[in-house]
Amino acid sequence: GIQVEQSPPDLILQEGANSTLRCNFSDSVNNLQWFHQNPWGQLINLFYIPSGTKQNGRLSATTVATERYSLLYISSSQTTDSGVYFCAVAGSGGGADGLTFGKGTHLIIQP
Amino acid sequence: ETGVTQTPRHLVMGMTNKKSLKCEQHLGHNAMYWYKQSAKKPLELMFVYSLEERVENNSVPSRFSPECPNSSHLFLHLHTLQPEDSALYLCASSQEGGITEAFFGQGTRLTVV
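These protein sequence lines map, in sequence, to chains A and B.
Residue numbering for the first sequence follows the working numbering, beginning at 857 and increasing consecutively.
Residue numbering for the second sequence follows the working numbering, beginning at 18 and increasing consecutively.
Right, here's the structure in full:
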């Protein structure tokens with residue numbers, strides 16, 4: 857099956873800093889999503905981005921499908937940005953594949 | 018109510034108990050999923066239902082039994098679980114079986130004692 861690798865696994869930053877999270881995947885994808893998992897476990901949708909670039913406030917994402925990677929940018933970090941960020945993909949085989957998740961990046965923003 | 022809702026939010030059960038997790042989606046989607054998140058492991062896909070038919074079972078032990086009575090509801094029936102089954106169980110839904118954006122419920126945190 858498709859492999860998803862996220863880096864870095866852990867990231868500690870000061871409030872106000874910028875960060876870049878990376879997601880590499882091993883095969884063509886029809887779906888790529890970024891999630892933020894809150895302390896209660898819920899996955900919050902950040903971006904649905906199988907290709908191209910999107911921005912939402914301080915967050916933006918870029919997926920280069922031909923090179924099989926995606927980047928999540930967080931600017932002017934706030935303590936509320938802390939948590940685990942997951943990248944998840946679904947392959948191009950079509951049908952009900954479900955999502956394959958990376959292991960996540962654990963982000964800690966210190967005041 | 019909107020989105021994907023799961024009940025209960027927390028569940029403690031003994032190894033001989035039988036319990037069920039419930040998921041309901043209000044997004045008009047036609048595919049639903051169960052995922053498991055154990056400590057220090059990636060989220061794992063357990064079951065996929067598309068148009069109310071199971072299309073994938075990722076070698077999940079038979080002590081987990083899914084049921085999808087209609088496109089809006091999904092259940093996970095649990096019986097004779099083991100302590101290692103303690104985890105966060107997440108339900109999700111999407112349209113057209115996974116090639117559009119998926120949305121997740123809040124999860125059920127299960128502890129098997």
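For every residue, glycine included, the Cβ atom is placed at its ideal position computed from N, Cα and C.
Where the beta strand (DSSP E) through residue i begins and ends
i       : result
L927(A) : 925 to 930
G939(A) : 939 to 947
T919(A) : 915 to 920
Q966(A) : 961 to 966
Neighbour flag for residue i against chain E, beta carbons, 9 Å
i       : result
Y904(A) : Going by chain labels, chain E is absent from the structure shown, which instead holds the protein chains A and B.
Sheet register partners of residue i (DSSP bridge)
i       : result
Q862(A) : C879(A)
K39(B)  : T24(B), F92(B)
V29(B)  : T128(B)
T909(A) : T918(A)
T956(A) : V945(A)
CB-CB length for residue i against residue j, believed under 8 Å
i       : j       : result
A109(B) : F120(B) : 6 Å
R26(B)  : T125(B) : 6 Å
L963(A) : S938(A) : 6 Å
C40(B)  : V21(B)  : 7 Å
I905(A) : H892(A) : At roughly 14 Å, the Cβ-Cβ gap does not stay under 8 Å, so I905(A) and H892(A) are not in contact.
I868(A) : G947(A) : Actually they are not in contact, since the Cβ atoms of I868(A) and G947(A) sit about 33 Å apart, beyond 8 Å.
Near the ligand MN: residue i beta-carbon under 8 Å from a heavy atom
i       : result
R914(A) : Questions concerning the ligand MN fall outside what the structure shown contains, since it holds no ligand whatsoever.
Next item on the list: For the region 865 to 907 of chain A, list the beta strand (DSSP E) runs that are entirely contained and at least 3 residues long, ordered along the chain.
Entry: 866 to 870, 875 to 881, 885 to 893, 899 to 904
Notebook entry, point to check: Which parts of the region 46 to 128 of chain B are runs of the beta strand (DSSP E), unbroken and 3 residues or longer, counting only runs that do not cross its ends?
Noted result: 48 to 54, 61 to 67, 70 to 74, 81 to 87, 90 to 96, 104 to 111
Margin query: By the 8 Å beta-carbon criterion, what residues does the region 113 to 129 of chain B contribute toward chain A?
Written below: G114, G115, I116, T117, E118, A119, F120, F121, G122, Q123, G124, R126
Check: If contact means a Cβ-Cβ distance below 8 Å, which residues of the region 877 to 907 of chain A contact chain B?
Finding: N886, N887, Q889, F891, W896, G897, Q898, L899, N901, Y904
Check: For the region 45 to 78 of chain B, which residues have a beta carbon sitting closer than 7 Å to at least one beta carbon of chain A?
Finding: A48, Y50, P59, L60, L62, V65, S67, V72, E73
Note to self: Please identify, using Cβ separations under 7 Å, the residues of the region 904 to 937 of chain A that lie next to chain B, in order along the chain.
What the structure shows: Y904
Next item on the list: Could you list the residues in the region 95 to 109 of chain B with a C-beta less than 9 Å from some C-beta on chain A, going in chain order?
Entry: L105, L107, A109
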